[in-house]
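One structure is given here, and the rest of the page talks about it.
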Amino acid sequence: MSSNAFETKQLRSVVVTGANKGIGLALVKKILNEQPDSFVFLGSRSLERGQAALQSIVGEGTRKRVSVLELDVTDESSVAKAVDIVKAKLGSAPLYGLVNNAGVAPVDYFACAPDVKTLDDTLKVNYYGLLDTTRAFLPLLDKRAGRIVHMSS
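Residue 162 is where the sequence shown ends in my numbering, and the numbering goes up by one at each step.
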């Protein structure tokens, strides 16, 4: 089997967007620690921040079940490239889950009426990013048992 494909097709693979910090990173760690049959694609806008997050994951065996995935949900080409990478790693195996965790919420967003740019940036990530990412990964999802989770606040 090529180095791009899974060593075993028995693993349930999950893509988690916005996973380099906060709730996303905590979710990646929880999946890896509690689901030994899982493989996680740790989605991060920045490859460097994704690699730093990977270093915070304890256990060599656990780290072998995670791959950093550069993924900016607001960039169509980034999403398409991420889909291609996941598809290549999965081979013929389906994607078990997609967790849309990427999101922005400026600290003062609700304290005052946001300006147009802040509102536009928020919609690009929290609405269109979620929609576009879901549409892009949908063909890879397991047709019978695939899961999609949308995180929101």
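Glycine is no exception: its CB is placed at the ideal position from the N, C-alpha and C atoms.
Residues of its chain near residue i, where Cβ-Cβ distance is below 8 Å and the 5 sequence neighbours each way are ignored
i: Thr-71; result: Leu-41 and Asn-42
i: Ala-89; result: Ala-145
i: Glu-85; result: Asp-141
i: Leu-36; result: Val-25, Ala-28, Val-108 and Asn-110
Own chain, CB closer than 6 Å to residue i, minus 5 neighbours either side, in chain order
i: Leu-150; result: Leu-104
i: Ser-11; result: Confidence in Ser-11 is poor, its pLDDT being 40 and thus under 50, which makes the residue's placement too unreliable to answer from.
Best match in the options for proximity to residue i [C-alpha to C-alpha]
i: His-159; options: Thr-142, Arg-153 and Gly-31; result: Thr-142
i: Pro-148; options: Val-95, Gln-60 and Leu-78; result: Val-95
Buried versus exposed, by CB contacts within 10 Å (16 or more), residue i
i: Lys-152; result: exposed
i: Val-125; result: exposed
i: Lys-98; result: buried
i: Ala-91; result: buried
Check whether residue i and residue j have beta carbons under 9 Å apart
i: Leu-34; j: Arg-54; result: no
i: Ala-111; j: Ser-22; result: no
i: Phe-48; j: Val-25; result: no
Cβ-based neighbour list, residue i, same chain, cut-off 7 Å, excluding 5 preceding and 5 following
i: Gly-138; result: Val-82, Thr-83 and Ala-111
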